[in-house]
Every structure is written in structure tokens, then in C-alpha cells.
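Those sequence lines, one after another, are chains R and S. Numbering-wise, the first sequence is residues 25 to 218 according to the working numbering. Numbering-wise, the second sequence is residues 25 to 218 according to the working numbering. Written out below as C-alpha cells is the structure these notes cover.
There are 2 protein chains.
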Amino acid sequence: MDDSFTRQISFLLETDKLKDVLRLNHLADGNRRETTAEHCWHVILQTLTLADHAPAGTDIAHVVRLLAVHDLVEIDAGDHWVTDDNREGVKEREQAAAERLFALLPETQAREFHDLWLEFEACETTEARFANAMDALHPMVLVFASGQPDPTHEPLSAETMRRTKEDRLAPFPTLWAYARDLLDKAVRDGRLLP
Amino acid sequence: MDDSFTRQISFLLETDKLKDVLRLNHLADGNRRETTAEHCWHVILQTLTLADHAPAGTDIAHVVRLLAVHDLVEIDAGDHWVTDDNREGVKEREQAAAERLFALLPETQAREFHDLWLEFEACETTEARFANAMDALHPMVLVFASGQPDPTHEPLSAETMRRTKEDRLAPFPTLWAYARDLLDKAVRDGRLLP
């Protein structure tokens, strides 16, 4: 087993910790919070399923690569949400996490994976924009489309929620129209405040 | 929201149930069993990480697609393992699960996703063979490489474990050499019987 392989296995064992990170949202059945690892699989499946909503020419395989690594920094920095009181310093903690985690890999691969994370975060390429849209939509599908109770937090206003989603979803008109329908439904269901 | 989109969302809500399926193996820290959804993300990350161990020309993006859907049938059929007393009828239950789950999707996509599952199961294409190798290796990395206790089950013999892995891993010499090292380590660690 050469050094490169040893490092790849160390990276895989370390990234197992993403299964211990709990997201704010519950599963669609409302029974428990989702782990970030579970979200990562499901948002990849969602991307393959909704690929026809991406602009023509979008490299879906690359979107999937971005999503496979996009949340690894939560192993050190935790899952944070836009209404957290605790947003201060999150960006710096995530950058430090990326430095630490990707450095476990062989050097060339460390750069490749780190670049995937930076690309996702910058949200400038076609693929990163679609990956971010998928990421923004996924918890809305679980929580608002499911028709199940979500005991996660005190209801936010629909306007607050809309503001957290618009930047990432509005560039995709069909997805954004659906997301706005979900917000209206969430108000009717008493999940969001009007 | 057209009928096609409605069906895609129904499929995503139904596949959320893969987060309720528990696998036999524990996480690398030994604290709890892994959910199948978590495994699906991590085996995709493992595939991107170990892609250089695939034969030249392997379409890694296709391997990832196979892995994203390969365990969906467990929603209805559960996680079964080679030593289960209860293997009888598993194949039939999995086929029925595939019929039910993929039929939630729009017709063309239902066929595409069903075909991915059939390709993974048949294990004949280059991509399906590598996907199956990744699937066979993943729990070995978590359980045997981690150095953590695994309270999952009574120790099996190393020979029984070897037989469950050889078909899928032996075609990839580096991976199979590593897997055999892990089996030896598991015997030394008292996890497998000599």
C-alpha cells in the first residue's frame, strides 16, 4: 500500500464524520433530523432526477462532483443557517476546515478536491450555479412538499425564507416557480408565517 | 408544475426513506449503524477518491450514477447480507421494489434509472464492475481500517468474509491486495476469526 493510497484511505475515514453532522431540517417523515451525509446523497440523486432543468450544456457529472464534496467542511465548522445568531466567523472556520481535510489527500488530488469546494462556494460557473440551486431546493422538498410536520424550529416568515433561497434558485425559472409554490403551501400549512 | 415534475418530486420524497434503512455495519467510530443513504454518499466519495484504481477508460461519472441508485431497492427489501438466514426471496423483493420505485418517475426516466439498477446488479460492464468493487470495499474501510470496535455481529471467519468479497474485488489487484491486508488486520484485531 503506497503513501498515496494510505492518504486516500485516511481521507475516507476522516470524512466518515460527516455522518455525525445534523442538519437543521428533518427528514420528509418528520421523525428526526437529517445527517449532512444523507443530504449529500439525496441532493445528488435530486440532481440526476432534475437534470433536465439545468441549462443546455451543463456538465451534470461535474455538478455531482461539486455536491459530493460541498459540505465536507461541516465536519469541522458544523451546519449553519442563515438565521443563526452564530454566523460570525463561519466562513473562516470553513476555509480552515477545507485546508485541513483536503490536505489529507495526495497533493494533486488535494488541490483538485479543494478546487471543487472553492468552485461550489464561488457559485460562478454554470455547474456551481446549478449545484447551489439543487442544494437550496433539497430541504424545501423534504420539509415543505412532504406534508409532514417539521418540528425543527420556530416558524420563520415566508419572506425571510424567500430571501435565503432567491439568489440561488431564481436563475432557474421552473425551479424558482416551484419553490415559490412551496413557500405559499408552507404558509397555508402553518409552517411559515405569512 | 407539470406532470413530469410532479412525478420527479414524488420520487424524491419516496426515496427519502433510504435514510431509514440501517446497514449491518457501524460507522468508523463504532457509535451507531450506518444508514444506507449515508453509505451511498460515502461510496460515491470513495469512488471519486479512488478513481485512479479503475481501469483506463472507465467512465467514473457513470459509476457514480450507478452508485446513486444501486441501493434504492432496500427501501422495500431491506439491507441483506450474505450470511443472513433470510436470503430467500430477496432477489424477487428487490425486483418488485425496483418496479415500484422507478415507476414513480416519468416514463423515459423510469426506464433509464431502472436500467442503471439492472446494470449494477448484472455486474458485467466495466462501470458496474468498478461500482460493485467500491460497494464491496466501503464497509471494509469503515469497519476494518478504522481501528474502532464494531459491535455489529458475532465475528465471522476471515474465510467467510473473503468469499463475500473476492468476486467483486479480485478483478482490481491493488484494491484486492488492500482488502486482503484488511482481512489479516481484522484477524489480528480479533474482529474476524482466523
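Every residue, glycine too, gets a C-beta built ideally from N, C-alpha and C. The structure displayed is predicted, hence computed values, not measured ones.
Spatial distance of residue i from residue j (CA atoms)
{"i": "Thr188 of chain S", "j": "Met164 of chain S", "result": "11 Å"}
{"i": "Glu183 of chain R", "j": "His138 of chain R", "result": "34 Å"}
{"i": "Lys41 of chain S", "j": "Asn55 of chain S", "result": "22 Å"}
{"i": "Ala121 of chain R", "j": "Leu37 of chain R", "result": "15 Å"}
{"i": "Lys43 of chain S", "j": "Glu190 of chain R", "result": "28 Å"}
{"i": "Ala80 of chain S", "j": "Thr71 of chain S", "result": "14 Å"}
{"i": "Thr39 of chain R", "j": "Leu74 of chain S", "result": "14 Å"}
{"i": "Ala203 of chain R", "j": "Thr198 of chain S", "result": "47 Å"}
{"i": "Trp200 of chain R", "j": "Lys209 of chain R", "result": "14 Å"}
{"i": "Leu96 of chain S", "j": "Ala61 of chain S", "result": "9 Å"}
{"i": "Glu112 of chain S", "j": "Ala146 of chain S", "result": "19 Å"}
{"i": "Arg215 of chain R", "j": "Cys64 of chain S", "result": "30 Å"}
{"i": "Leu125 of chain R", "j": "Gln133 of chain S", "result": "36 Å"}
{"i": "Arg220 of chain R", "j": "Leu69 of chain S", "result": "There is no way to answer for residue 220 of chain R, as the model of chain R reaches only from 25 to 218."}
{"i": "Arg212 of chain R", "j": "Ile99 of chain S", "result": "31 Å"}
Residue i - partner residues in DSSP beta bridges
{"i": "Arg57 of chain R", "result": "R:His50"}
{"i": "Ser181 of chain S", "result": "S:Leu217"}
Residue i - DSSP class collapsed to helix/strand/coil
{"i": "Leu125 of chain R", "result": "helix"}
{"i": "Ser170 of chain R", "result": "coil"}
{"i": "Leu96 of chain S", "result": "coil"}
{"i": "Met158 of chain S", "result": "helix"}
{"i": "Val45 of chain S", "result": "coil"}
{"i": "Asp26 of chain S", "result": "coil"}
{"i": "Trp105 of chain S", "result": "coil"}
{"i": "Glu116 of chain R", "result": "helix"}
{"i": "Ala78 of chain S", "result": "coil"}
{"i": "Ala201 of chain S", "result": "helix"}
{"i": "Cys64 of chain R", "result": "helix"}
{"i": "Thr149 of chain R", "result": "coil"}
{"i": "Asp208 of chain R", "result": "helix"}
{"i": "Phe137 of chain R", "result": "helix"}
{"i": "Phe196 of chain R", "result": "coil"}
Contacts around residue i, its chain only, beta-carbon distance under 8 Å, and the 5 residues preceding and following it disregarded
{"i": "Val93 of chain S", "result": "Phe137, Leu140, Trp141 and Phe144"}
{"i": "Ser181 of chain S", "result": "Leu216, Leu217 and Pro218"}
{"i": "Leu46 of chain S", "result": "Arg57, Glu58, Thr59, Thr60 and Asp103"}
{"i": "Thr149 of chain S", "result": "Glu143"}
Beta-carbon proximity list for residue i, same chain, < 7 Å, skipping 5 on both sides
{"i": "Phe196 of chain R", "result": "His77 and Ala157"}
{"i": "Ala101 of chain S", "result": "Val114, Arg117, Glu118 and Ala121"}
{"i": "Val67 of chain R", "result": "Leu91, Met158, Asp159 and His162"}
{"i": "Ala169 of chain R", "result": "Leu206"}
{"i": "Glu151 of chain R", "result": "Thr82, Asp83, His86, Val87 and Leu90"}
{"i": "Leu193 of chain S", "result": "Ala157, Ala160, Leu161, Leu199, Trp200 and Ala203"}
{"i": "Ala52 of chain R", "result": "Leu166, Ser170 and Gln172"}
{"i": "Trp105 of chain S", "result": "Leu48"}
{"i": "Ser34 of chain R", "result": "Leu128"}
{"i": "Arg186 of chain R", "result": "Leu207"}
Contacts around residue i, its chain only, beta-carbon distance under 6 Å, and the 5 residues preceding and following it disregarded
{"i": "Pro130 of chain S", "result": "Ser28 and Arg31"}
{"i": "Phe154 of chain S", "result": "Ala78, Thr82 and Val87"}
Neighbour list for residue i in chain A, Cβ cutoff strictly below 8 Å
{"i": "Glu58 of chain R", "result": "Among the protein chains of the structure shown, namely R and S, there is no chain A."}
(request) Scan the region 61-81 of chain S for residues whose Cβ lies nearer than 7 Å to a Cβ of chain R and list them as they occur along the chain. (result) Of all residues in the region 61-81 of chain S, Ala61, Glu62, Cys64, Trp65, His66, Ile68, Leu69, Gln70, Leu72, Thr73 and Leu74 have a Cβ within less than 7 Å of some Cβ in chain R.
(request) Identify each residue in the region 155-171 of chain R for which the Cβ-Cβ distance to at least one residue of chain S is less than 8 Å, and report them in chain order. (result) Look at the region 155-171 of chain R: the residues with a C-beta under 8 Å from a C-beta of chain S are Val165, Leu166, Ala169 and Ser170.
(message) Using a Cβ-Cβ cutoff of 7 Å, what residues of the region 30-46 of chain S are near chain R? List them in chain order.
(response) Within the region 30-46 of chain S, the qualifying residues are Gln32, Ile33, Phe35, Leu36, Leu37, Thr39, Asp40 and Lys43.
(request) Quick one: which residues of the region 136-150 of chain S get their C-beta closer than 7 Å to a C-beta of chain R? List them in chain order. (result) Residues passing the 7 Å Cβ filter: none.
(request) Can you give me, in chain order, the residues of the region 85-118 of chain R that have a beta carbon less than 8 Å from any beta carbon in chain S? (result) Here the close residues are Ala85, Val88, Arg89, Ala92 and Val93.
(request) With 8 Å as the C-beta to C-beta threshold (strictly closer), list the residues of the region 179-201 of chain S near chain R in chain order. (result) From the region 179-201 of chain S, only Thr198 and Ala201 have a Cβ closer than 8 Å to chain R.
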